[in-house]
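Enquirer: Going by mature numbering (1 follows the signal peptide of the UniProt record, and there is no 0), the letters in the sequence shown line up with residues -15 to -1, 1 to 337, in that order.
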Amino acid sequence: MMMFLLLITSGTIHHNPGPSGDLSVCHLNARSLYSFDSVSKSNQTKLDEIESVLCNEFQYDVICISETWLKPDISFEDIKIDNYNIHRRDRADGSGYGGVAIYVSDRLYSMRRQELEIQGLEFLCIEVKTKDKSILVSVCYRPLTVTANERRKFTDSFTSVVENMKSHSPDVCLILGDFNDRENLNPRKFWSLSKSVLGYNSDRAIPPLKDNMNLISDDLEKAELLNCYFSAQMHLGQHENDLPALPPLSFLTVERLQEIVAVEQDVLKYLRQSNPHKSCGPDGISNHILKYCAQSLHKPLTKLFNFSLRSGVYPSLWKVSNVCPVYKNKGDKNIMSNISTNCTTIICVQDP
């Protein structure tokens, strides 16, 4: 299974127990690993703190760092930590800001995967091998002060990086970093990207169901069992005479509604309000089509609605739904009464 972990941090350390306990990983926004203080005429470093807390106390296998602020004249020897190997990628302009690095315990084999990185993106990727896994670990930093155009470029580049990493089929893929985009982050886009990396293979299967004293595991048998259970909750008869009688009604006005007519402008309005992110119904027509083709669709749909209202006939296809069993997050998953339904009907005839 491929796991995608994206940690959005800002000057904080986030713990990650790692895959199956094989690897422990953390991220730190350092805001300078190593610098020279012109006032005290001495080197200022956070390496002692990192070594004491993250290496010795927490004993992380992999430590990802953003904003290293390293310059080309700072050597690997200047920033080494005992018993750890370091991989670094400084900001390309040599300004001494930004930059990313990864420290890896020397108990583990690690190598930089430059072919998975993109020029112009502060993104460092390495491969770490444990006893039974090949793990891609990467750290990314995006500056806070970027334009809208630069933000779009970053999103495109980052998406390419993730797809590239995914194409190499590692056992585990970890992406950590500081993206400086808490206000502008689109949760829908984030989860869309996450699902893309995951292959959206989360298990939604209904577990075995209890039928009296039997436990039903076959998918077809479970579907039939749920169908019978949900159908039993409805008690409408098969004939007109079996329908329940309506209570006596009293009119509050002398005005009478003689007919119901669908109006083109109303249909156009509701089509344009369609949520493009909702699922398709049984007809496979998405809200994208209804929303963006509303100008062409609203007239024929209006005629269809009015014909149905005049004739008193509701098309059989409009009565069909995709029914998905959903656990209520309450009680035993194997008991049918703890399962509800999520129904998706034909979109164009749903309530606005």
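Every residue, glycine too, gets a C-beta built ideally from N, C-alpha and C. Since we're looking at a predicted model, the values are computed, not measured.
1. Taking the alpha-carbon positions, what's the L18 to L159 distance?
2. According to DSSP, what are the bridge partners of V85?
3. Tell me the rounded alpha-carbon separation between K313 and I324.
4. In this structure, does DSSP put T130 in helix, strand or coil?
5. With distances taken between CB atoms, is the gap from residue 338 to H72 smaller than 8 Å?
6. What is the residue span of the beta strand (DSSP E) that V298 lies within?
7. The alpha helix (DSSP H) that contains D251, what's its start and end?
8. Once you ignore the five residues that flank N264 on each side, which residues in its own chain have a CB closer than 7 Å to its CB?
9. Just the C-alpha distance for G83 and Q44, rounded to the nearest angstrom, thanks.
10. Is K276 closer than 8 Å to L256 when the C-beta atoms are compared?
11. In the DSSP assignment, the beta strand (DSSP E) including Y45 goes from what residue to what residue?
12. Going by beta carbon distance, what residues of the same chain come within less than 6 Å of N30, once the five residues before and after it are set aside?
13. For a test of the three-state rule: what should DSSP assign to P285, helix, strand or coil?
14. For V308, collect the residues of the same chain with a Cβ closer than 6 Å to its Cβ; drop the 5 residues on either side in sequence, then sort them by chain order.
15. Taking the alpha carbon of F292 as the point to measure from, which residue in I245, K315, I35, M150 has its own alpha carbon closest?
16. Restricting to Cα atoms, I'd like to know which of W54, N68, P192 is closest to V47.
17. Hey, could you find the ends of the beta strand (DSSP E) L194 is sitting in?
18. Quick one: using the 10 Å Cβ neighbour count with 16 as the cut-off for buried, is H(-1) buried or exposed?
19. When DSSP labels each residue in this structure, what does L237 get in the three-state scheme?
20. Which of helix, strand or coil does DSSP assign to F108?
21. Would you tell me roughly how many angstroms separate the C-alpha atoms of L253 and V298, rounded to the nearest one?
22. Skipping 5 residues on each side, what residues in its chain have a beta carbon closer than 6 Å to that of V305?
23. Which term fits P4, buried or exposed, when burial requires 16 or more other beta carbons within 10 angstroms of its beta carbon?
24. In the DSSP assignment, find the beta strand (DSSP E) that holds I324 and state where it starts and stops.
25. Which residue marks the beginning of the alpha helix (DSSP H) containing D204, and which one marks its end?
26. Pick from I270, R136, K315: whose alpha carbon is nearest that of W303?
27. If you drop the 5 nearest sequence neighbours on each side, which residues of the same chain put their C-beta closer than 7 Å to that of M96?
28. Just to confirm, are V157 and K207 a CB contact at a threshold of 8 Å?
29. If you measure between the beta carbons of E107 and R76, is that distance less than 8 Å?
30. Per DSSP, P232 is paired with what?
31. For S322, which residues from the same chain have a beta carbon less than 6 Å from its beta carbon, with the 5 sequence-adjacent residues on both sides left out?
32. Would you decide whether S281 is buried or exposed? Buried here means 16 or more other CB atoms lie within 10 Å of its CB.
33. What number of angstroms, rounded off, separates the C-alpha of V146 from the C-alpha of H153?
Expert: With the given structure in hand:
1. 22 Å
2. S51, R74
3. 6 Å
4. coil
5. This structure cannot speak to residue 338, because the chain is shown only from -15 to 337.
6. Note, V298: premise wrong, no beta strand (DSSP E); not H, not E.
7. Counting along the chain, the alpha helix (DSSP H) containing D251 begins and ends at 249 to 257.
8. The sequence as given places Ser at residue 264; Asn does not occur at that position. T329, listed in sequence order.
9. Roughly 26 Å separates the two Cα atoms.
10. yes
11. Careful: Y45 lies outside any beta strand (DSSP E) and carries neither H nor E.
12. Per the sequence shown, residue 30 should be read as Thr rather than Asn. Closer than 6 Å at the Cβ level, and outside the excluded window around T30, lie Y19.
13. helix
14. T326, C328
15. Measuring from the Cα of F292, the nearest candidate turns out to be I245.
16. N68
17. For L194, the enclosing beta strand (DSSP E) starts and ends at 194 to 196.
18. Here H(-1) scores only 45 on pLDDT, less than 50, and its place in the model is too uncertain to base an answer on.
19. Residue state, collapsed to three classes: coil.
20. strand
21. 23 Å
22. P267
23. At P4 the pLDDT is 41, less than 50, meaning the model places this residue with poor confidence and gives no usable figure here.
24. Unbroken beta strand (DSSP E) run through I324: 324 to 330.
25. 204 to 217
26. I270
27. I111, E112
28. no
29. yes
30. Note: P232 sits in no beta bridge, so no partner.
31. none
32. exposed
33. 11 Å
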